[in-house]
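Asks: Numbering (UniProt numbering), first residue to last: 1 to 67. Backbone N, C-alpha and C fix where the C-beta goes; we use that ideal spot for every residue, glycine too. Before I ask anything, here is the structure I am working with.
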C-alpha cells in the first residue's frame, strides 16, 4: 500500500509537473494533493469509493445492525 501511495504522489504531483520555486510551494502542493487523496480520491481497496463515501456507508451499515 505504501508503494502505491508514493507512486501516486509522484505521478500526480511531482513527476514532470513543474519546478517548485521553494520548499513551501512544494509542501502546499503535496498537502493539497494529500487532502484530496485522503477524502475524495477513489481507492480500489474500498470498492472504488472515496474514503468519505466508504466510511459513510460503513457507519450506516453499523447503525442498521445495532438497531
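1) Give the straight-line distance between the Cα atoms of residue 59 and residue 19, rounded to the nearest whole angstrom.
2) Which same chain residues, not among the five before or five after residue 38, have their C-beta less than 7 Å away from its C-beta?
3) DSSP beta-bridge partners for residue 49?
4) Return the residue from the list 54, 22 and 7 that minimises the CA-CA distance to residue 15.
5) So, helix, strand or coil for residue 54, using DSSP?
Replies: Looking at the coordinates:
1) Here the question's residue 59 lines up with position 59 in the chain shown. Here the question's residue 19 lines up with position 19 in the chain shown. Roughly 42 Å between the two C-alpha positions.
2) Here residue 38 is taken as the residue at index 38 of the chain shown, counted from 1. Cβ neighbours of residue 38 beyond the five flanking positions: 51.
3) Within the chain shown, the letter at position 49 stands for residue 49. Beta-bridge pairing links residue 49 to 43.
4) In the chain shown, residue 15 corresponds to position 15, counting from 1. The shortest C-alpha separation from residue 15 is found at 7.
5) Locating residue 54 in the chain shown gives position 54, counting from the first residue. Note: residue 54 maps to helix in three-state DSSP.
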